[in-house]
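Participant: This is the structure I want to talk about, given as structure tokens.
There are 2 protein chains.
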Amino acid sequence: MAPTEGTDATLRGFCGYAMKRAFLGVQADLNRVLAAYGLRMMTFSALVVIVDNPGLRQAQLSDALAVERPNMVALVAELVKAGLITRNPAPDDRRAQALEPTDRGRALCAEAIAAVETHEAQLTRDLDETELRALMRALALVERAATEEETRNA
Amino acid sequence: MAPTEGTDATLRGFCGYAMKRAFLGVQADLNRVLAAYGLRMMTFSALVVIVDNPGLRQAQLSDALAVERPNMVALVAELVKAGLITRNPAPDDRRAQALEPTDRGRALCAEAIAAVETHEAQLTRDLDETELRALMRALALVERAATEEETRNA
DNA sequence: TATTGTTATACTCTATAACTATA
DNA sequence: TATAGTTATAGAGTATAACAATA
């Protein structure tokens with residue numbers, strides 16, 4: 001029996017499980033690609049946000065990545081140890097840590113982004129442009145709807 | 001800063017992270033819906049497969065759900081304890097355990113499927129039929145491509 | 001020799017409470 | 001008092017090795 005045969009072929013309440021299977025496959029692949037750069041999905045995502053928003057604080061990074069602040073500590077420490085970012089007290093608020101990419105961090109980030117783009121182009125090679133746009137829009141809409149429902153039930 | 005603003009708005013290698021965010025939101029919502037039936041995403045998925053394939057063995061269920069066999073033990077035990085399935089030695093192979101839904105398991109499964117369908121219709125309410133089909137097809141294609149790449153790199 | 005189910009174990013990711021130092 | 005970062009900790013989910021019973 002194929003993994004999902006007879007279960008999520010129709011929309012019998014299996015959108016969630018289809019997403020899980022697809023996501024786990026993509027994540028595993030992505031981590032294989034990123035391992036060549038000493039990165040994982042989360043460290044890569046954090047690095048990209050820091051490169052795009054130099055000087056941001058850990059709390060902002062936590063919000064951007066939907067990671068709880070306690071779990072951010074090790075993530076940031078890992079990037080600092082790898083020499084990809086620096087973490088210094090913010091000049092206007094000595095409680096906060098301002099995160100800046102290093103030159104090496106910027107360079108590695110650019111390389112990793114290129115590799116990931118190549119990889120994802122491969123993953124989505126059988127989708128035409130309309131389907132690709134539909135996928136991205138659908139993911140954003142589904143996430144928004146899920147977040148709204150979460151807020152409503154909180 | 002919005003969670004994903006400036007990061008996955010374009011396809012700059014963030015399909016994977018967009019999927020993660022969408023999946024985590026959907027899973028959290030799904031688990032909230034299923035909690036009313038004493039189920040979680042994985043126990044629900046397992047129950048549906050067992051109801052659709054009465055008599056199947058744990059190893060087959062493991063394959064169907066992409067769960068390692070050791071992790072299947074607790075999952076099956078949970079469903080047995082809840083009185084939703086039975087687990088008996090298979091008549092033709094005394095090593096194997098044949099899984100059958102109970103009447104209560106069948107009834108609860110039907111109720112839970114209805115609730116999940118309602119819930120997912122809500123999550124995808126802003127997608128038209130074309131986009132919904134594109135989403136499901138895209139997830140299947142992406143999963144297949146990821147699995148192929150995994151096989152190739154193994 | 002191979003396979004089913006099982007135990008034990010470990011590793012990752014995630015979530016919460018409580019502390020400190022600043023504000 | 002409230003917030004930023006931290007520590008410690010606990011809970012899922014997932015992965016592998018090794019074992020007994022059976023094929």
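For the protein sequence lines, the chains are A and B, in the order given. The first sequence stops at residue 154 when you use UniProt numbering, and every number in between is there. The second sequence stops at residue 154 when you use UniProt numbering, and every number in between is there. Just so you know, even glycine gets a beta-carbon here, dropped at the ideal spot from N, CA and C. All figures in this text were calculated on a predicted structure; none of them were measured in a lab.
Determine the DSSP secondary structure at A:Leu-135, reduced to helix, strand or coil.
Facilitator: Here residue 135 of chain A refers to the residue found at position 135 of the first sequence. DSSP places A:Leu-135 in helix when its eight states are reduced to three.
Participant: Could you pull out every unbroken alpha helix (DSSP H) segment of at least 4 residues lying fully inside the region 2 to 88 of chain B, listed in chain order?
Facilitator: Counting only runs of 4 or more, we get 15 to 35, 41 to 52, 58 to 65 and 69 to 81.
Participant: For residue 158 of chain A, return the contacting residues in chain B, with the cut-off set at a CB-CB distance below 7 Å.
Facilitator: In the structure displayed, chain A extends from 1 to 154; residue 158 of chain A sits before or after that span and is not available.
Participant: Thinking C-alpha only, which one of B:Leu-141, B:Phe-23, B:Arg-144 and B:Ala-115 is nearest B:Leu-39?
Facilitator: The count along the second sequence starts at 1 and reaches residue 39 of chain B at position 39. Taking only the C-alpha atoms, the option nearest B:Leu-39 is B:Ala-115.
Participant: Taking Cβ positions only, does B:Thr-147 come closer than 8 Å to chain A?
Facilitator: Along the second sequence, one-based indexing puts residue 147 of chain B at 147. Closer than 8 Å to some Cβ of chain A, the Cβ of B:Thr-147 qualifies, so yes.
Participant: Cβ of A:Arg-137 within 8 Å of Cβ of B:Ala-145?
Facilitator: For the purposes of this step, residue 137 of chain A is identified with residue 137 of the first sequence, where counting begins at 1. For the purposes of this step, residue 145 of chain B is identified with residue 145 of the second sequence, where counting begins at 1. Result no, Cβ atoms of A:Arg-137 and B:Ala-145 do not sit closer than 8 Å.
Participant: Taking 8 Å as the CB-CB cut-off, is B:Leu-75 touching chain A?
Facilitator: Position 75 of the second sequence, counted from the start, is the residue given in the question as residue 75 of chain B. Not closer than 8 Å to any Cβ of chain A, the Cβ of B:Leu-75 fails to qualify, so no.
Participant: Buried or exposed for A:Glu-120, please, with buried defined as at least 16 other CB atoms from any protein chain shown within 10 angstroms of its CB.
Facilitator: Taking the first residue of the first sequence as position 1, residue 120 of chain A is located at position 120. By the 10 Å Cβ count, A:Glu-120 comes out buried.
Participant: Evaluate B:Val-49 with the Cβ neighbour count: other Cβ atoms within 10 Å of its Cβ, from every protein chain shown; 16 or more gives buried, anything less gives exposed.
Facilitator: Indexing the second sequence from 1 puts residue 49 of chain B at position 49. Buried is the call here.
Participant: Please classify B:Asp-92: does DSSP put it in a helix, a strand, or coil?
Facilitator: To locate residue 92 of chain B, count along the second sequence from 1; it is residue 92. The answer is coil: DSSP assigns B:Asp-92 none of H, G, I, E or B.
Participant: Using only the alpha-carbon positions, how far apart do B:Leu-11 and A:Glu-117 sit?
Facilitator: On the second sequence, residue 11 of chain B is found 11 positions in, with the first residue counted as 1. On the first sequence, residue 117 of chain A is found 117 positions in, with the first residue counted as 1. Residue placement at B:Leu-11 is flagged as unreliable, the pLDDT there being 42, under the threshold of 50; the coordinate-derived value follows with that caveat. Cα to Cα, B:Leu-11 sits roughly 8 Å from A:Glu-117.
Participant: Confirm, please, whether the CB-CB distance from A:Leu-75 to A:Met-42 is below 8 Å.
Facilitator: Working through the first sequence from its first residue, we reach residue 42 of chain A at position 42. Working through the first sequence from its first residue, we reach residue 75 of chain A at position 75. Contact flag set, yes.
Participant: How many angstroms separate the CA atom of A:Gln-27 from the CA atom of B:Gly-16?
Facilitator: As a first step, residue 27 of chain A must be located in the first sequence, where it is residue number 27. As a first step, residue 16 of chain B must be located in the second sequence, where it is residue number 16. In a straight line, the C-alpha of A:Gln-27 is about 6 Å away from that of B:Gly-16.
Participant: Considering only DSSP beta bridges, list what A:Ala-100 is partnered with.
Facilitator: Counted from its first residue, the first sequence places residue 100 of chain A at position 100. According to the sequence displayed, residue 100 of chain A carries Glu and not Ala. A:Thr-86, per the DSSP bridge assignment.
Participant: Expressed to the nearest angstrom, what Euclidean distance is found between the alpha-carbon atoms of A:Leu-108 and A:Thr-86?
Facilitator: On the first sequence, residue 108 of chain A is found 108 positions in, with the first residue counted as 1. On the first sequence, residue 86 of chain A is found 86 positions in, with the first residue counted as 1. The alpha-carbon atoms of A:Leu-108 and A:Thr-86 are separated by roughly 15 Å.
Participant: When you compare only the Cα positions, how much space is there between B:Leu-139 and B:Ala-59?
Facilitator: Looking up residue 139 of chain B in the second sequence gives position 139. Looking up residue 59 of chain B in the second sequence gives position 59. Answer to the nearest angstrom: the Cα atoms are 25 Å apart.
Participant: Reducing DSSP to helix, strand and coil, say where B:Arg-144 ends up.
Facilitator: Working through the second sequence from its first residue, we reach residue 144 of chain B at position 144. Here B:Arg-144 sits in helix by DSSP.
Participant: Could you name the residues of the same chain whose beta carbon sits closer than 7 Å to that of A:Thr-102, not counting the 5 residues immediately before and after it, in chain order?
Facilitator: Position 102 of the first sequence holds residue 102 of chain A. Excluding positions up to five away in sequence, the list reads Gly-83, Leu-84, Ile-85 and Thr-86.
Participant: Whole-angstrom Cβ separation of B:Ala-22 and A:Glu-111, contact assumed at under 8 Å?
Facilitator: As a first step, residue 22 of chain B is located in the second sequence; it is residue number 22 there, counting from the start. As a first step, residue 111 of chain A is located in the first sequence; it is residue number 111 there, counting from the start. Contact flag wrong, Cβ pair sits at about 27 Å.
Participant: Using 10 angstroms around the beta-carbon of A:Val-33, count the other beta-carbons present and answer buried if the total reaches 16, otherwise exposed.
Facilitator: One-based indexing of the first sequence puts residue 33 of chain A at position 33. Per the 10 Å Cβ criterion, buried.
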